[in-house]
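*Asks:*
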Amino acid sequence: MSEKTEENGIRTSSTRVADSTRPAREPFTARGLHEDARELHIGGIRWLNFGWICVVAAFLLNVLGIVAIGTTEPGFAQKQAMFLPLGLLAATIVAVPDYRRFRRWVPILCLITLGLLVFVLIPMVPEAIVRPRKGARRWINFGITDFQPSELAKVVWMLAMASWFRLRWNIRSIRGFVLPFIITALPVLLILLEPDLGTALLFIPTLLALLVVAGARLWHVGLVILVGVISIGSVLFVPQVQDQLKPHQQDRVKALVAQIEGDDRYRRNIGYQGYKAMTLVGAGGLTGVGKEQAETLIQFNHLPEEHNDMIFAVITCRWGMLGGLATWVLFGVLAIGGYLTSASARDVFGRLLASGLVTMLLVQMVINTGMTVGLMPITGMTLPFVSAGGSSLVTAWMTVGLVLNVGLRRPRRMERWEVAS
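Be aware that the sequence shown starts at 606, since it is given in my numbering, and climbs by one per residue.
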């Protein structure tokens, strides 16, 4: 027996017919969760699934980060260790209810997130509530810690895009392909206004990966990538384009270009952070210099944000190239676990959600380590699970929790996605 439904150009088919007379269940209530558990018992829970690979890799990265932070900032390391149980709790909370239930909450989650992104930009809000740092308004003060709405925006946006691609448009058409970019522009623009270029850069590469998984035409995706490459080249080498950037962004671009050309004139000013990071990376050699000597080198070089954005430089200084390689391997293992979870999911929403979330973590890792070794301009982006920061860590664990959620569920029917012509 089979059932087919069609919604705005996208057809989904199931190998089993759902009971349309069954009353709607209550989401996120004791009764709703009890009914969820009963249905999952019928459909089955895959306790052995690829999502656990992500959990183990994330935990090892978290431990690596705490030890690395302790090399230079023991106080921050203790604080980060306190955030680890909170991150695990957040992952557990999002892993318990069936991930398909989150689709019902996407509209209200989007409104809350957009409201928070606007809130941090309001000039009248007292600095005791929204704490400016180095001219950026990104953090809301909750007393014991600060909360960064742009971190929440990454997860909520992913839920929204996975829901959108599942139900709304034929993305093989020009209209269906372009519309997600227009929707994504709203949170990206708000994040850029904070300003937070690093976080804003995550959305477009992740969206392209989602489009590929969702079945978009590859030449459409390739065209966007080509436009992106041309744009990046223009920013790096066309002065008229650089003039449109903010002063600190212009400085970072000039420092990167000078570094590529072997020009050391910016090493003591706008290129200082990148130069010091590369110095520490080179000092580590193959196997590293050990804890005590690493502490001395880091203090002597005065690397800014060594416990946060530049934590990869600390890792390679203390444990050498092998430490950096181990970090990349752990992220690779996490990505493999996430993509295998996506491939094993039985519904479109689960496949899109798992692959998109893991891609976002992977893109963030590439940008962070790339700027540390001098391949990209400094953007102020953290290394997931490794850099110091409560909001970043909890959000990263929520990401892994959602991937595990997809892996745990075994729906009672297989959903197949067909794009209508």
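By construction, the Cβ of each residue, glycine as well, lies at the ideal position given by its N, Cα and C atoms. Treat the numbers as computed from the prediction; the structure is a model and nothing was measured.
#1: Mind the definition here: the stretch 964-972 touches the stretch 673-688 only if three or more C-beta pairs lie below 8 Å; say whether that holds.
#2: Starting from the C-beta of S947, find all residues in its chain whose C-beta is less than 6 Å away, skip the five residues before and the five after it, and write them out in chain order.
#3: Could you pull the start and end residues of the beta strand (DSSP E) that V760 belongs to?
#4: When burial is assigned at 16 or more other CB atoms within 10 Å of the CB, is R1014 buried or exposed?
#5: Helix, strand or coil: how does DSSP classify P800 here?
#6: Could you give the distance in angstroms between the alpha-carbon of T804 and the alpha-carbon of K896?
#7: Please give the ranges of any alpha helix (DSSP H) in the stretch 872-911, keeping only runs that are unbroken, at least 4 residues long and fully inside the region.
#8: Closer than 7 Å by C-beta to T626: which residues in its own chain qualify, once you throw out the five before and the five after it? Chain order, please.
#9: So which of T884, V953, R651, S997 has the shortest CA-CA distance to L908?
#10: Go through its chain and collect everything with a Cβ distance to I1028's Cβ below 6 Å, but skip five positions before and after it.
#11: Should A663 be labelled buried (16 or more other beta-carbon atoms within 10 Å of its own) or exposed?
#12: Would you kindly report the start and end of the unbroken beta strand (DSSP E) that includes W652?
#13: Note the first and the last residue of the continuous beta strand (DSSP E) segment covering I571.
#14: Taking all protein chains shown into account, do 16 or more other C-beta atoms lie within 10 angstroms of the C-beta of E799, making it buried, or fewer, making it exposed?
#15: Given a cut-off of 8 Å, decide if G876 and C922 are closer than it, judged by their beta-carbon atoms.
#16: In or out: G925 buried (at least 16 other Cβ within 10 Å) or exposed?
#17: For V832, which of helix, strand or coil comes out of DSSP?
#18: Quick one: is Q878 buried, meaning 16 or more other Cβ sit within 10 Å of its Cβ, or exposed?
#19: With distances taken from CA atoms, which of D801, R777, A767, L802 is nearest I788?
#20: Expressed to the nearest angstrom, what Euclidean distance is found between the alpha-carbon atoms of W824 and V834?
#21: Please report the distance separating the alpha-carbon of W769 from that of R706.
#22: Under DSSP, the beta strand (DSSP E) around V735 begins and ends at which residues?
#23: With a CB to CB cut of under 6 Å and the five nearest residues on each side skipped, what residues in its chain are close to G692?
#24: Are there 16 or more other CB atoms within 10 angstroms of the CB of F905, so buried, or fewer, so exposed?
#25: Measure how close the beta-carbons of V968 and P810 come, nearest whole angstrom, since I'm counting them as under 8 Å.
#26: Which residues mark the beginning and the end of the alpha helix (DSSP H) in which L812 is found?
#27: Would you please verify whether the beta carbon of G890 is less than 8 Å from any beta carbon of chain C?
#28: Relative to the C-alpha of G975, which residue among F747, Q898, N1010, L861 is closest?
#29: On the criterion of 16 or more Cβ atoms from any shown chain inside 10 Å, does M970 qualify as buried, or is it exposed?
#30: Nearest-angstrom Cα distance between V668 and I745?
#31: So the candidates are R709, R708, A700; which of them puts its Cα closest to the Cα of C659?
#32: Kindly identify the DSSP beta-bridge partner or partners of D751.
#33: Can you tell me the Cα-Cα spacing of L716 and I903, whole angstroms?
#34: What does a CB cutoff of less than 6 Å around G1006 pick up in its chain, not counting 5 residues either side in sequence?
#35: Taking 8 Å as the limit between beta carbons, can you name the residues of its chain near Q855, skipping five residues before and five after?
#36: In three-state terms, what does DSSP make of R1014?
*Replies:* Checking against the coordinates, here is how it stands:
#1: Between the stretch 964-972 and the stretch 673-688, the count of Cβ pairs shorter than 8 Å is below three; the stretches do not touch.
#2: R956, A959, S960
#3: No beta strand (DSSP E) contains V760, which is instead part of the alpha helix (DSSP H) from 754-772.
#4: buried
#5: coil
#6: 31 Å
#7: 877-888, 896-906
#8: Because the pLDDT at T626 is just 41, under 50, the model does not fix this residue reliably, and the point stays unresolved.
#9: T884
#10: Given a span of 606 to 1026 for the chain in the structure shown, any question on residue 1028 remains unanswerable.
#11: A buried status is given to A663, since no fewer than 16 other beta-carbon atoms sit within 10 Å of its beta-carbon.
#12: Run containing W652: none; DSSP gives neither H nor E here.
#13: Shown here, the chain extends from 606 to 1026; a query on residue 571 therefore has no answer.
#14: buried
#15: no
#16: Buried.
#17: helix
#18: Counting the other CB atoms within 10 Å of its CB gives Q878 a total of 16 or more, which places it among the buried residues.
#19: Selection D801, R777, A767, L802 evaluated against I788 yields A767 as nearest (Cα-Cα).
#20: 15 Å
#21: 15 Å
#22: 735-738
#23: If we look at G692 and ignore the five residues flanking it on each side, its Cβ neighbours are L998, V999, W1002.
#24: exposed
#25: Right, the Cβ-Cβ distance comes to about 5 Å (below 8 Å), so this counts as a contact.
#26: 808-819
#27: As a matter of chain content, chain C is missing from the structure shown, which is built from one protein chain.
#28: L861
#29: buried
#30: 27 Å
#31: A700
#32: N746
#33: So the alpha carbons of these two residues sit roughly 43 Å apart.
#34: A696, V699, A700
#35: Q847, D848
#36: Strand, per DSSP.
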